[in-house]
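A short write-up of the structure that comes next.
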Amino acid sequence: MNHNKAIYYFQNLYLVAIADKVLASEEKEYLMQVAQRMGLSSSETSDIMLNSHNLDLVMPETKEEQLTQLEDVITMMMMDKKIHDKEYDLCLRFGQRIGLSKKDLDLLILKVVSG
């Protein structure tokens, strides 16, 4: 994954994490693991966090990347063991932008939750 894609990937995860206006410790830990794995600097992640109010979801280019990232977005949504309405709405918007229905998203959530 190139560096710009890594930044957008982190951005999407962060936007879901804060959709409920709370960054749970589990969410923060997961985000930091992702940032480290993708080689993002602390200044890059800080910029995303500080400017999140100006940011929107960025769709990956390929269908495979889209589905993989949506699964990771769902994992982020479930990190605090609760599905908050705003987090779900953001996941639904992501899913719809890549051609999934609400039913498809709900099935994917069940798949991710059940491992």
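For the sequence shown, the working numbering assigns the number 344 to the last residue and increments by one with no breaks.
All C-beta atoms, glycine included, are put in the ideal place defined by N, C-alpha and C.
Check, Outcome
"Counting beta carbon pairs with one atom in the segment 336 to 343 and one in the segment 300 to 313, are three or more of them shorter than 8 Å?", "yes"
"In whole angstroms, what is the alpha-carbon distance linking residue 273 and residue 236?", "8 Å"
"How many angstroms separate the CA atom of residue 241 from the CA atom of residue 231?", "16 Å"
"How long is the line joining the alpha carbons of residue 315 and residue 248, rounded to whole angstroms?", "5 Å"
"Using CA atoms only, rank isn't needed, just tell me which of 283, 337, 251 and 252 is closest to residue 295.", "337"
"Can you find the residues in the same chain that come closer than 7 Å, C-beta to C-beta, to residue 312, ignoring five residues on each side of it along the sequence?", "306"
"Tell me which residues share the same chain as residue 238 and place their Cβ nearer than 8 Å to its Cβ, disregarding the 5 neighbours each side in the sequence.", "230, 263, 267, 289, 298 and 301"
"Would you mind working out which of 260, 324, 334 and 243 sits nearest residue 280, comparing C-alpha positions?", "243"
"With respect to the alpha helix (DSSP H) encompassing residue 338, which residues constitute its N-terminal and C-terminal limits?", "331 to 343"
"Along the chain, where does the alpha helix (DSSP H) that runs through residue 312 open and close?", "No alpha helix (DSSP H) holds residue 312; DSSP gives it neither H nor E."
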